[in-house]
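Peer 1: Below is the structure I would like to discuss, written out as structure tokens.
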């Protein structure tokens, strides 16, 4: 990648890394406050997850795929695009506000559908949480709109650093909850349960979650003044020349609807476990639900969010410019570079998560060893699809750079069929195993998306560097495998294979195990990267090394 692109990717990756670390802290605190396999924890997770899923369902794909190419085109106008971008932003913000109003008004029936297998009391609390959390949809949309305007103007850093503020506010809220109401204590009933929950509990927990998203969006107004655009509300949308964009938006909306309805179905299946949990608790058997599935999903997608997404966001501008110039070779070169550099991080992190799945699961277990082991098992299964998540995403960026939204739609239809079929199969097995089936669904659908995308790209671009991509991935996989053997040995020495070992004594010892073992494995990985001559590792670190050398 070009040096300025690599530096932008590094800045974005740094912001994302800080945000994800704080996100882990927030999640860790939530497990302390509510537990990892409790009804209250699952109900809150359902309500707090739905706004993001619904936002992506109705608008996220459109904003991400349509705004950047149109803003880049508008930059060639005499006014630098100020008039066009003002009208485009006004249209987008008005649309997402209308969507938010409708969703909030329909909060009760939405929860009724998603939580059809919850008990009546669980559905009532979920609906109350939803009224507090659903307004997040508007601010997720505002954050994306403002962020994409900044990205299109080359100001990448703020978009990735803004979630840091969100997590800081949310962490403060969870700490306040623990300080005011205490940490979760298991009993009959637990300290925080449906029977003991109060409106004050809801205000502090759900209110702070939404406040964090509000701050994440509004902070982007600060850099927006510095990008050279004179923006103001404009409601005259006729004659904007959005005919082609409208077609693109329609297909992108359809893709988002198909994709997120499928994942909403998986959330609904996971929510059904919450409703069936009571029968197993009487037998002393903890059952994983929505919260544990979300924790596993959050962890497995970390490498993509920190490295893959940062690289893809920068490359998307290059892809859009190459596409507008009918430069197929440039498109293929950008894709190949992104896939090869990202693989250095995504493959290793996936393998590391599998090796240390137990201790990592224990960190988010609320202190319960059995729950920690179960979360670790779910994490190991879902992590198999981690590298494919980034590959599929980057391949999808090529289609959108070419303003082709039909192909991603058809690919998503095939993936959605697989997701729904696998999700239904998972819903029919014993509730103790449902989450593991859902975790496997995430992994398999990523692999399918890569296969389908490759078939289309090969036909459209010809040779886009597949041989180099496979060669790099193979060498990185070998380096990761041998470093995994070293990591497994370190885990054994830290007592990671027995509940009586150091790794399982508490969440703190589990964290220490993951850090110590991870460092040992990372050092071994670096050595094996040198042995297998993976030059992409240097490309990944180049912008950071250059910045440090200047200092």
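Residue numbers (our numbering): 1 to 551.
Beta carbons: idealized from backbone N, C-alpha and C, even for Gly.
The alpha helix (DSSP H) with residue 350 in it runs from where to where?
Peer 2: One-based indexing of the chain shown puts residue 350 at position 350. Segment 328-355, the alpha helix (DSSP H) holding residue 350.
Peer 1: Hey, how far is the Cα of residue 451 from the Cα of residue 443?
Peer 2: Translated into positions along the chain shown, residue 451 becomes position 451. Translated into positions along the chain shown, residue 443 becomes position 443. About 13 Å.
Peer 1: Is it right to say residue 83 is buried, meaning 16 or more other beta carbons lie within 10 angstroms of its own, or is it exposed?
Peer 2: Taking the chain shown and counting its residues from 1, the one referred to as residue 83 is at position 83. By the neighbour-count rule (16 or more Cβ atoms within 10 Å), residue 83 is buried.
Peer 1: Mind checking residue 446: buried by the 16 CB within 10 Å criterion, or exposed?
Peer 2: Position 446 of the chain shown, counting from 1, holds the residue named residue 446. Residue 446 should be labelled buried.
Peer 1: Measure the CB-CB distance between residue 492 and residue 369 and report whether it falls below 7 Å.
Peer 2: Translated into the one-based positions of the chain shown, residue 492 becomes position 492. Translated into the one-based positions of the chain shown, residue 369 becomes position 369. No, the pair does not count as a contact, with Cβ atoms beyond the cut-off.
Peer 1: So residue 454 is in the alpha helix (DSSP H); what residue range does that whole segment cover?
Peer 2: Counting from one through the chain shown, the residue named residue 454 turns up at place 454. Counting along the chain, the alpha helix (DSSP H) containing residue 454 begins and ends at 434-461.
Peer 1: Report yes if the C-beta distance between residue 528 and residue 482 is below 7 Å; otherwise report no.
Peer 2: As a working note, residue 528 is residue 528 in the chain shown. As a working note, residue 482 is residue 482 in the chain shown. In this structure, residue 482 lies closer than 7 Å to residue 528 by Cβ.
Peer 1: Residue 431: buried (16+ other C-beta within 10 angstroms of its C-beta) or exposed?
Peer 2: Here residue 431 corresponds to residue number 431 of the chain shown, with the count starting at 1. Result: buried.
Peer 1: Quick test of your reading: residue 141 and residue 96, contact by CB under 8 Å. State the CB separation rounded to the nearest angstrom.
Peer 2: Numbered from its first residue, the chain shown carries residue 141 at position 141. Numbered from its first residue, the chain shown carries residue 96 at position 96. Right, their Cβ atoms sit about 3 Å apart.
Peer 1: Is it true that the CB of residue 393 sits closer than 7 Å to the CB of residue 312?
Peer 2: In the chain shown, residue 312 corresponds to position 312, counting from 1. In the chain shown, residue 393 corresponds to position 393, counting from 1. It is a contact, given that the beta carbons lie within the stated cut-off.
Peer 1: If you check the beta carbons only, do residue 20 and residue 306 fall under 7 Å apart?
Peer 2: If you number the chain shown from 1, residue 20 lands on position 20. If you number the chain shown from 1, residue 306 lands on position 306. Contact: yes.
Peer 1: Determine contact between the segment 380-388 and the segment 512-524, defined as no fewer than three beta-carbon pairs at a distance below 8 Å.
Peer 2: Contact between the segment 380-388 and the segment 512-524 is absent, because fewer than three Cβ pairs lie under 8 Å.
Peer 1: So which of 198, 463, 92 has the shortest CA-CA distance to residue 125?
Peer 2: Indexing the chain shown from 1 puts residue 125 at position 125. Among 198, 463, 92, the Cα nearest to that of residue 125 belongs to 198.
Peer 1: Once DSSP output is grouped into helix, strand and coil, what is the label at residue 106?
Peer 2: Here residue 106 is taken as the residue at index 106 of the chain shown, counted from 1. Reduced to three states, the DSSP call for residue 106 is coil.
Peer 1: Go ahead and label residue 166 buried or exposed: buried means 16 or more other beta carbons lie within 10 angstroms of its beta carbon, across all protein chains shown.
Peer 2: Residue 166 sits at position 166 when you count from the first residue of the chain shown. So residue 166 counts as buried.
Peer 1: Please state the DSSP three-state secondary structure of residue 301.
Peer 2: The residue given as residue 301 occupies position 301 in the chain shown. Here residue 301 sits in coil by DSSP.
Peer 1: Examine the Cβ distances between the segment 351-367 and the segment 414-433 and report whether three or more of them are shorter than 8 Å.
Peer 2: Touching, no, given that fewer than three Cβ pairs across the two stretches are closer than 8 Å.
Peer 1: If you check the beta carbons only, do residue 44 and residue 134 fall under 7 Å apart?
Peer 2: Along the chain shown, read from residue 1 onward, the residue named residue 44 stands at position 44. Along the chain shown, read from residue 1 onward, the residue named residue 134 stands at position 134. No, these two residues do not count as a Cβ contact at 7 Å.
Peer 1: Measure from the alpha carbon of residue 250 to the alpha carbon of each residue in 424, 433, 495, 403, then state which is nearest.
Peer 2: Along the chain shown, one-based indexing puts residue 250 at 250. The shortest Cα separation from residue 250 among 424, 433, 495, 403 belongs to 403.
Peer 1: DSSP three-state call for residue 407: helix, strand or coil?
Peer 2: For this step, residue 407 is matched to residue 407 along the chain shown. The answer is helix: DSSP assigns residue 407 an H, G or I state.
Peer 1: Measuring only the C-alpha atoms, how far is residue 535 from residue 267?
Peer 2: The sequence position of residue 535 within the chain shown is 535, counting from 1. The sequence position of residue 267 within the chain shown is 267, counting from 1. Distance between the alpha carbons of residue 535 and residue 267 is about 40 Å.
Peer 1: Identify whether residue 430 lies in helix, strand or coil by the three-state DSSP scheme.
Peer 2: Counting from one through the chain shown, the residue named residue 430 turns up at place 430. Three-state DSSP puts residue 430 in coil, outside helix and strand.
Peer 1: Taking residue 555 and residue 265 to be in contact with their CB atoms under 8 Å, please state how far apart those CB atoms are, rounded to whole angstroms.
Peer 2: Only positions 1 to 551 of the chain appear in the structure, and residue 555 is not among them; the question remains open.
Peer 1: Quick one: grab the DSSP three-state call for residue 268.
Peer 2: Taking the chain shown and counting its residues from 1, the one referred to as residue 268 is at position 268. Three-state result, residue 268: helix.
Peer 1: Take residue 477 and list the residues in its own chain whose beta-carbon comes closer than 6 Å to its own, dropping the five residues that flank it on each side.
Peer 2: For this step, residue 477 is matched to residue 477 along the chain shown. So the qualifying residues of the chain are 347.
Peer 1: Could you pull out every residue in the same chain whose Cβ sits closer than 6 Å to the Cβ of residue 259, ignoring the five residues on either side in sequence?
Peer 2: For the purposes of this step, residue 259 is identified with residue 259 of the chain shown, where counting begins at 1. The answer, listed in chain order, is 412.
Peer 1: Less than 8 Å between the CB atoms is what I'm expecting for residue 386 and residue 350, so what's the real figure, rounded?
Peer 2: Residue mapping note: residue 386 aligns to position 386 of the chain shown, counting from 1. Residue mapping note: residue 350 aligns to position 350 of the chain shown, counting from 1. That pair is a contact at about 4 Å.
Peer 1: Report the residue from 262, 52, 290, 35 whose alpha carbon sits nearest the alpha carbon of residue 174.
Peer 2: Numbered from 1 along the chain shown, position 174 holds the residue referred to as residue 174. Residue 35 is the option with its Cα nearest to residue 174.
Peer 1: From what residue to what residue does the alpha helix (DSSP H) around residue 41 run?
Peer 2: Counting from 1 along the chain shown, the entry for residue 41 is found at position 41. First-last of the alpha helix (DSSP H) with residue 41: 39-55.
Peer 1: For residue 551, does the three-state DSSP call read helix, strand or coil?
Peer 2: Here residue 551 refers to the residue found at position 551 when the chain shown is read from its first residue. Because the pLDDT of residue 551 is 47, which lies under 50, any placement of that residue in the model is unreliable, and the question is left without a value.
Peer 1: Please name the residue in 338, 488, 40 whose C-alpha comes closest to that of residue 391.
Peer 2: As a first step, residue 391 is located in the chain shown; it is residue number 391 there, counting from the start. Looking at the Cα atoms, 338 is the closest of the given residues.
Peer 1: Select from 256, 433, 176 the residue whose C-alpha is nearest the C-alpha of residue 585.
Peer 2: In the structure as shown, the chain begins at 1 and stops at 551. Residue 585 is therefore absent and cannot be evaluated.
Peer 1: Under 7 Å between C-beta atoms, does residue 384 make it to chain C?
Peer 2: In summary, chain C is missing from the structure at hand, where a single protein chain is found.
Peer 1: Mapping DSSP to helix, strand and coil, what is residue 497?
Peer 2: Residue numbering aside, residue 497 sits at position 497 when the chain shown is read from its first letter. Note: residue 497 maps to coil in three-state DSSP.
Peer 1: Should residue 136 be labelled buried (16 or more other beta-carbon atoms within 10 Å of its own) or exposed?
Peer 2: For this step, residue 136 is matched to residue 136 along the chain shown. Its Cβ being crowded by 16 or more others within 10 Å, residue 136 is buried.
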